[in-house]
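Enquirer:
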Amino acid sequence: MDQHLLSLVLFTPLAGLVVLLLIPSRQKDLIRVWANLVGFVGFLISLPLVSRFDRSAGGFQMVERAGWIPSLGAQYLVGIDGISLLLIMLTTLVGFLAILSSWTAIQDRVKEYYAMFLLLQTGMLGVFMALDFFLFYVFWELVLVPMYFIIGVWGGPRKLYAAIKFFLYTLAGSVLMLLGILTLYFQHAQQFGSYTFEISELMKLDLPLGMQQWVFWAFFLGFAIKVPMFPFHTWLPDAHVEAPTAGSVILASVLLKMGTYGFIRFSLPLLPKASMDATIVKTLAVLSIIGIIYGALVSLMQADWKKLVAYSSVSHLGFCTLGIFALNPNGLAGSVMQQLNHGISTGMLFLIIGVLYERRHTREIAEYGGLAHVMPKYAVVFAIAMLSSAGLPLLNGFVGEFTILQGAFEASHVWAAFAVTGVILGAAYLLWLYQRTMLGQVTNGKNLHLADLSPRELAVFLPLMAWALWIGVYPKPYFEILEKPVAQIVERVRPGYFQGAAQAARTSPAEVVAGVR
Amino acid sequence: MQLWLIPAFPLAGFLINGLLGRRASKGFINAVAIGSVLLSFAWVLKTIMGLGDVSSRYVEHYFTWIQSGALQVNFDFAVDRLTVVMLLVVTGVGALIHIYSVGYMGHEGGYYRFFAYLNLFMFFMLTLVLAANYLVLFVGWEGVGLCSYLLIGFYFLRQSATNAGNKAFIVNRIGDFGFSLAIFLVFLNFGTLDFGGVFANVPGKPETLLNTIGLLLLVGACGKSAQIPLYVWLPDAMEGPTPVSALIHAATMVTAGVYMVARSNVIYIHAPVAQEAVALIGLATAFFSATIGLLQNDIKKIFAYSTVSQLGYMFVGAGVGAFSAGIYHLVTHAFFKALLFLGSGSVIHALSGEQDVRRMGGLAKKIPWTFWTMLCAAVAIAGVPPFSGFYSKDMILAAAYQRAPWIYWVGAITAGLTAFYVFRAIFLAFFGAYRGHEHPHESPPVMILPLAALAFLSLAGGFLFDVPQFLERLFPPIEESHDVTLVAVSVAIGLAGIGLAALFYVVKPSLPDSLAASFSGVYKLIYNKYFVDEIYDAAVVKPVVNGSRSLLWKGVDVGLIDAGVNGLGWSARGIGGILRLLQSGSIRSYATWVVFGSVVLMVAMAMAGGVR
């Protein structure tokens, strides 16, 4: 079993799904229990990944390889490095909590709902494990299907519009990405005479800058829409608003990370020359910064609670992409940390909305106010989620933001200066949201007798809060996990970076300072 | 030495009261909250004894906090003499204010919550002063900001209170913009954030770099210590309960900026432009907020503007190179300003919530303990020798004269204004006839005792604690002029201020109104605090809000991008035969897309001959 640990993690939800299909639809509680059990077991069996993972080793670990479609050269090839490890752990935990949070929220077509969730879970895990581009693409597209149904079937009033928009938007990106993949595929055949989708093989390609740039933009569209980066973000608010709570949680916590992960796993190592190209780096950094500030400003003005958090995601993900294109260890490590952090914080924020939505069936901020009086436990949980999202030190968000900004600052003082304004605005929209919903007098009679968090609801939040505190106080293990893979990517994109850095440390202060102005 | 215990006690207090306090008795809550601070105070004393004369810096390493690439930040605490001074002020004055709060907050709801927040504040404040590097300092810095936010908005049913909390947090974040950039710049050029490592390498670094770092740090300090242009949050912060105003918004947190500048003195000494900026901003703040203080009617607002002004004084001290004088003033100010606030709290308590000095009067006989203790604070802040404020203020002014005589003169005039507005408040509240309707009653002993302790410190703190001498080796020597006339002049100006206040508000109470009438333009300008809040609102808040709503959201997002995307979608739907199937139902349309994708894949493969 040991050498198949990854496959086990990957296919547990799918196996659970198969059993789930055998349960009669009427047995709603049995279905719920089973789905929760599968989610929980899925999380438990992913834990050994952490203990088996060798932090000091570079490259991919726990690799499993099997022939799949020999005629295409596609293989079943999975493996993980530190970056995928963290995202996988995020997926298994948040996936489980999302399932747990749905217990009372979903009353219609319960069986189909959980089936979609389990399918989604396997799809997302596959994306973070695949080391074969074809396999990756299959999982990437697979994720679309259940998410489409989750929004389209269990969503709010405009669910169909949102679902189709989500589907078309991301599919449009995927198609172009596919063309990029095929370009690499055929180039490999041309240069080496064999057809393969294996990432490590494709990395051996020697492509001219022009072609790298072309492929980069093709990938870019696929990944940037997923992230989403400005100006490809407009599907996100609609999808979030209409999706059921657990759908929003998964969408924000995990699905968006597929885009940032794509940049890190594929764009940078496969297209190092394009990734260092001044125009491309500048464009990506500027789009990230626009995303940070623009997302925060638009978030500030939202009257819909969920839309506010959705736009805040655009802002936070801007930090993640900025970190990636700072192209240095701090930026990249910070970016992965922040992807994890965003998964935790924004996951909590969406869960918080879900708790209220179940009670009041509205997301209008104006409908609320003074809830701290009625729901004190809820108020504390919300405050912690808010502070974690706002990047308060000793909670998770700060660690990621700080590292990203330090990296961005090393790349360009101006980028960092603009990005820091996002931190100010982040405090503004979150505090204002908190004030309008939780503080003051209870203005709406309907809110006077709302029930506080139930033990099950609290149980959903506790692991996330604990995780937020852990990362905030002692993030060292995470940085250790990330150190090797991040260094490898930086070295790949900027050969000689680390020797250069060692040299720079020895040069006289005056030379270093020349860069300050 | 186990330095970590110093902040750990109040943290434990926060956790215990935060988790259990809801159902606990007041006695339990008091024991936990006050006990934890007293333990922390005791541990400070024990640490000081253990370290002997603290002649060198003592560092304790706990764990590596952030380690990424070349960036390594440790969670370290350190103690030197500057830290010792801060620790004593924070835990000593903090303990007194905790005790006082038992009386003041006795009838308020959320009793446990109040003390939990107060303990949390102590934890972060002690972390701030114990930090051995800039990032751990930043942890405390942000943490005290959070507690300040929570406590300003303690009465969260009141919109004005929660607004003030938000304003405080966001304005501080604006300051943090500068502080963060300073940290990045320090790391990039020094390769470390440790105070020891940074300061040892400051000499030899280019002046431009050090000036930039110094100015960016100053931006952060201006936020936390409420200096121009970021002072606007502090007067609003008076929405919080009065003990909070005394502890956080007078004695400790707001002095963090001064502490940070003093801590970074090595940088400022080598950054003349930045240091000049510290002095000028401090001086401008000291003067302008003192003028605003002249015409306030809310007793807490008077002392709030006074705090802003006195913090400006401390900045002047640091800015003219007299760091130890700045810290000296920080200490004495902690005594007398905490006392002024706690005294006002006692007055407000006596009058069941009345804060307007115009509706007080004649209280000296009704609440004598409050009156006499507040009088001690008033003579101390007015710089009357030999009380505490006199020593520190005089030292700053003397050093300022050495740097530039005009700074001395502005500072001395500010001292006069200070004496005037403080005694205006005293005279209006305690002299003449009572103008209110409540039945004033003296506060309970648990409130009076801390007042008395602080009164003693306000009177005697100056010559009891020779802070500058204690800090002598830490900072460069102060170039002081020992001209007795300068001392005499500044004292005379202060006494004149008191005399004028007596003339205006005791001898001839009609005088202020007639003066206000004849200088109505100036009067209106100052009475409305120079319209700074209104200007900020019009120049920053409104454009951001309106721009975000109509331009970015409704304009760019909905009008431009989304309309474009949808337009593309609709037109594609009109043209594409395959895509039209989308209309026939969701499941079928999905299937279509999968087929479509597969076809594209197959065709591409076949064209390239990839399928064998």
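Residue numbers (the numbering used here), protein chains in the order written: chain W, 1 to 517; chain X, 1001 to 1612. Cβ coordinates follow ideal geometry from the N, Cα and C atoms, glycine included.
What residues match up with X/THR1064 in a beta bridge as DSSP calls it?
Expert: Note: X/THR1064 sits in a beta bridge opposite X/ASN1074.
Enquirer: Take every Cβ of the segment 1153-1163 of chain X, pair it with every Cβ of the segment 1239-1251 of chain X, and state whether three or more of those distances are shorter than 8 angstroms.
Expert: Short answer: they touch.
Enquirer: From the DSSP secondary-structure annotation, give me the bridge partner or partners of X/ASN1133.
Expert: Its beta-bridge partners are X/ASP1194.
Enquirer: May I ask which residues mark the beginning and end of the beta strand (DSSP E) holding W/GLY79?
Expert: Segment 74-80, the beta strand (DSSP E) holding W/GLY79.
Enquirer: In chain order, what residues of the segment 1069-1102 of chain X put their CB closer than 7 angstroms to some CB of chain W?
Expert: Correct list: GLY1069, ALA1070 and LEU1071.
Enquirer: Does any heavy atom of the ligand NAP sit closer than 7 angstroms to the C-beta of X/PHE1028?
Expert: Only the bare structure without any ligand can be found here, which leaves the ligand NAP out of the picture.
Enquirer: Quick check on X/GLN1583 - is its C-beta less than 8 angstroms from some C-beta in chain W?
Expert: Per-residue confidence for X/GLN1583 stands at a pLDDT of 48, beneath the threshold of 50, marking its modelled position as unreliable; the derived number appears in the next sentence. X/GLN1583 does not count as touching chain W.
Enquirer: Taking X/ILE1299 as the reference, which of X/GLY1361, X/GLU1142, X/TYR1259 and X/ALA1425 has the closest Cα?
Expert: Answer by Cα proximity: X/ALA1425.
Enquirer: Does the segment 1320-1327 of chain X come into contact with the segment 1217-1225 of chain X, if we say contact requires no fewer than three beta-carbon pairs (one atom in each stretch) closer than 8 angstroms?
Expert: Too few Cβ pairs lie closer than 8 angstroms, so no.
Enquirer: Tell me the residue span of the beta strand (DSSP E) that contains W/MET62.
Expert: Unbroken beta strand (DSSP E) run through W/MET62: 61-69.
Enquirer: Would the segment 1078-1096 of chain X and the segment 1127-1134 of chain X be scored as touching if the rule is three or more Cβ pairs under 8 angstroms?
Expert: Contact between the segment 1078-1096 of chain X and the segment 1127-1134 of chain X is present, because at least three Cβ pairs lie under 8 angstroms.
Enquirer: Would you call the segment 409-428 of chain W and the segment 319-326 of chain W in contact, with 3 or more CB pairs under 8 angstroms?
Expert: Because the criterion of three Cβ pairs below 8 angstroms is met, the segment 409-428 of chain W and the segment 319-326 of chain W touch.
Enquirer: So is X/TRP1233 in contact with chain W if we call contact Cβ pairs under 8 angstroms?
Expert: No - not a single Cβ of chain W is within 8 angstroms of the one on X/TRP1233.
Enquirer: Mapping DSSP to helix, strand and coil, what is X/ALA1271?
Expert: The answer is coil: DSSP assigns X/ALA1271 none of H, G, I, E or B.
Enquirer: Label X/MET1049 either buried or exposed according to how many other C-beta atoms from any shown protein chain fall within 10 Å of its C-beta, with 16 as the threshold for buried.
Expert: With fewer than 16 other Cβ atoms within 10 Å, it is exposed.
Enquirer: So is W/GLY496 in contact with chain X if we call contact Cβ pairs under 8 angstroms?
Expert: No - not a single Cβ of chain X is within 8 angstroms of the one on W/GLY496.
Enquirer: The alpha helix (DSSP H) that contains W/GLY42, what's its start and end?
Expert: From DSSP, the alpha helix (DSSP H) with W/GLY42 extends over 28-52.
Enquirer: Return helix, strand or coil for X/ASP1053, following the three-state DSSP convention.
Expert: Residue state, collapsed to three classes: coil.
Enquirer: Hey, out of X/SER1160, X/ALA1116, X/ILE1170 and X/ALA1334, whose CA is closest to X/GLU1142's CA?
Expert: Selected option, being the one with the closest Cα: X/ILE1170.
Enquirer: What are the boundary residues of the alpha helix (DSSP H) that includes W/TYR429?
Expert: First-last of the alpha helix (DSSP H) with W/TYR429: 413-438.
Enquirer: Return the Cβ separation of W/THR346 and W/ALA252 in integer angstroms, given the expectation that the two are a contact with Cβ distance under 8 angstroms.
Expert: About 5 angstroms; that satisfies the 8 angstroms criterion.
Enquirer: Could you compute how far the alpha carbon of X/VAL1129 sits from the alpha carbon of W/PHE117?
Expert: Going from the Cα of X/VAL1129 to the Cα of W/PHE117 covers about 49 angstroms.
Enquirer: Going straight from the alpha carbon of X/ASN1017 to that of X/PHE1009, what length do you get?
Expert: So the alpha carbons of these two residues sit roughly 12 angstroms apart.
Enquirer: Does chain X have any CB closer than 8 angstroms to the CB of W/MET258?
Expert: Not an interface residue.
Enquirer: Can you give me the C-alpha to C-alpha distance between W/LEU120 and X/CYS1147, rounded to a whole angstrom?
Expert: Spanning the two alpha carbons is a distance of roughly 41 angstroms.
Enquirer: Three-state secondary structure (DSSP) at X/TYR1231?
Expert: Note: X/TYR1231 maps to coil in three-state DSSP.
Enquirer: Okay, do the segment 215-223 of chain W and the segment 50-70 of chain W touch, 3+ Cβ pairs below 8 angstroms being the bar?
Expert: Touching, no.
Enquirer: Should X/LEU1457 and X/PHE1387 be called a contact, given that it needs their Cβ atoms to be closer than 8 angstroms?
Expert: No.
Enquirer: Within the same chain, show all residues whose beta-carbon is closer than 8 angstroms to that of W/LYS446, passing over the 5 residues directly before and after it, in chain order.
Expert: So the qualifying residues of the chain are ARG360 and GLU367.
Enquirer: Give the C-beta separation of W/LEU322 and W/ALA419 to the nearest angstrom, bearing in mind that I take them to be a contact with Cβ-Cβ under 8 angstroms.
Expert: That pair is a contact at about 6 angstroms.
Enquirer: Does the pairing of the segment 1345-1359 of chain X with the segment 1459-1475 of chain X give three or more beta-carbon distances under 8 angstroms?
Expert: At 8 angstroms Cβ cutoff, the stretches do not touch.
Enquirer: Following the continuous alpha helix (DSSP H) through X/GLU1534, name the residue where it begins and the one where it ends.
Expert: Counting along the chain, the alpha helix (DSSP H) containing X/GLU1534 begins and ends at 1532-1536.
Enquirer: Just the chain W side, please: which residues come within less than 9 angstroms of X/GLN1159 by C-beta, in chain order?
Expert: The contacting residues are GLN435, LEU439, GLY440 and GLN441.
Enquirer: State buried or exposed for X/ASN1030, treating a residue as buried only when at least 16 other CB atoms are found within 10 Å of its CB.
Expert: Label assigned to X/ASN1030: buried.
Enquirer: Quick check on W/ARG506 - is its C-beta less than 8 angstroms from some C-beta in chain X?
Expert: Summary for W/ARG506: the model assigns pLDDT 47, below 50, so the residue's position carries little reliability; its value from the coordinates is reported in the next sentence. It does not: the Cβ of W/ARG506 has no partner Cβ on chain X nearer than 8 angstroms.
Enquirer: What does the alpha-carbon distance come out to for the pair W/ALA283 and W/LEU207?
Expert: At residue 283 of chain W the sequence reads Thr, which differs from the Ala that was named. W/THR283 and W/LEU207: Cα-Cα distance of roughly 21 angstroms.
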